[in-house]
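Report on one structure; see the data block that follows.
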C-alpha cells in the first residue's frame, strides 16, 4: 500500500467516499510517515479513527441524511479487526507534525465530543468480572461526578449502541455517595480534589476510573487523558485496574502513551 493514500482506504477505499455536500469539510490525512514514527503513531491510531468519525459528525449536523448513509459502522473496527486496521493506519497516517489536531476543532465542545467517543471505545477493551451486571441485559453505566464537562456529548455518543447484550446509561452524580453502581466513572479536571476520596470509596469495586488531571494515573486513577501537541492521548495504570479486578485488553495497552505496572519482558 502506498504511503499517503489516506486514512479512509481501509473503509471501502478513499475513492469510495463521495464528495460531501457543500459546506461539509472532509477530514483527511495525506502525508507519508517518517521511518521513526511507528511507535508514536501506533499510540495515536485510535484517536485518529475516532477523530475521523467525530469530524464528520461535528460538521454535518445539517446533513444528517447524508451522514447516516456514509459513516462507517464502528462494529467493523472494534474487536478482531483492530490490529489489522492499526497496520493500515500506520502505513497511511501522516507524521505527527502534519496530522490535523484531534482536539483543536472549530466546535467549542469538540474536545469532549472526542473524549466521549474514547470513553465508549475504552469499554470495548475491558473485561468486567463475573457478577458485575445483575442481569444479562443490565446496562453498562457511565457516570460523571460534579460538573458535567460533556454537556450531552456523552449521552449522544452512546445512542443506539450496545456492548454484547448490554445497553448504556449515563448518570451525573453530584455527590460521591451517588457513584455506587457505576461501571465507568469520569472525573473531570474541576473535580480532581475529590480523587482520593472517590478512589477510597471505590476500593475493590469493578469501576473503570477515567480522568484528565495531570497526575491522574499516578494518583491511582486507571486511564488518564492528556493533551500533547494538541492531540488527545491517554495513559493507563494497570495496577489500579487489576486491583479492581478489571482486565484491560492488550490492544488498548498497546495504544497508551504510557502504562504503569506493565509486565516486564524477560
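In the working numbering, the protein residues as written are -6 to 259. Every residue gets a Cβ at the ideal spot worked out from N, C-alpha and C, and that includes glycine. These numbers were taken from a predicted model, which means no experiment stands behind them.
For residue i, the first and last residue of its enclosing alpha helix (DSSP H)
{"i": "residue 114", "result": "103 to 117"}
{"i": "residue 233", "result": "231 to 236"}
{"i": "residue 147", "result": "146 to 151"}
Assigned secondary structure, residue i (DSSP; H/G/I helix, E/B strand, else coil)
{"i": "residue 190", "result": "helix"}
{"i": "residue 129", "result": "coil"}
{"i": "residue 244", "result": "helix"}
{"i": "residue 185", "result": "helix"}
{"i": "residue 216", "result": "strand"}
{"i": "residue 171", "result": "helix"}
{"i": "residue 239", "result": "coil"}
Residue i to residue j span [Cα, whole Å]
{"i": "residue 178", "j": "residue 143", "result": "13 Å"}
{"i": "residue 218", "j": "residue 129", "result": "31 Å"}
{"i": "residue 149", "j": "residue 236", "result": "31 Å"}
{"i": "residue 106", "j": "residue 225", "result": "12 Å"}
{"i": "residue 169", "j": "residue 147", "result": "20 Å"}
{"i": "residue 244", "j": "residue 118", "result": "7 Å"}
{"i": "residue 122", "j": "residue 112", "result": "19 Å"}
{"i": "residue 248", "j": "residue 158", "result": "26 Å"}
{"i": "residue 63", "j": "residue 242", "result": "Residue confidence is low: residue 63 scores 37 on pLDDT, short of 50, so the model does not pin down where it sits. Its coordinate-derived value is still stated next. Roughly 30 Å separates the two Cα atoms."}
{"i": "residue 167", "j": "residue 252", "result": "30 Å"}
{"i": "residue 240", "j": "residue 232", "result": "10 Å"}
{"i": "residue 193", "j": "residue 114", "result": "26 Å"}
{"i": "residue 180", "j": "residue 135", "result": "11 Å"}
{"i": "residue 238", "j": "residue 151", "result": "25 Å"}
{"i": "residue 199", "j": "residue 164", "result": "17 Å"}
{"i": "residue 222", "j": "residue 131", "result": "39 Å"}
{"i": "residue 208", "j": "residue 127", "result": "34 Å"}
{"i": "residue 234", "j": "residue 108", "result": "20 Å"}
Supposed close pair residue i, residue j - CB separation, criterion 8 Å
{"i": "residue 191", "j": "residue 216", "result": "Actually they do not touch by this definition, with Cβ atoms about 14 Å apart."}
{"i": "residue 174", "j": "residue 140", "result": "Not confirmed; about 20 Å, so no contact."}
{"i": "residue 188", "j": "residue 214", "result": "7 Å"}
{"i": "residue 197", "j": "residue 230", "result": "Going by Cβ atoms, the distance from residue 197 to residue 230 rounds to 15 Å, so no, they are not a contact pair."}
{"i": "residue 161", "j": "residue 133", "result": "6 Å"}
{"i": "residue 228", "j": "residue 210", "result": "5 Å"}
Minimum C-alpha distance to residue i - residue among the options
{"i": "residue 138", "options": "205, 244, 249", "result": "205"}
{"i": "residue 110", "options": "249, 154, 176", "result": "154"}
{"i": "residue 125", "options": "207, 103, 164, 176", "result": "176"}
{"i": "residue 250", "options": "232, 220, 239", "result": "220"}
{"i": "residue 185", "options": "200, 166, 212", "result": "212"}
{"i": "residue 201", "options": "207, 120, 223", "result": "120"}
{"i": "residue 145", "options": "104, 131, 156, 116", "result": "104"}
{"i": "residue 116", "options": "156, 127, 131", "result": "156"}
Delimiting residues of the beta strand (DSSP E) encompassing residue i
{"i": "residue 177", "result": "177 to 180"}
{"i": "residue 204", "result": "201 to 204"}
{"i": "residue 166", "result": "161 to 166"}
{"i": "residue 210", "result": "Segment: none, residue 210 is in no beta strand (DSSP E) and carries neither H nor E."}
{"i": "residue 251", "result": "251 to 253"}
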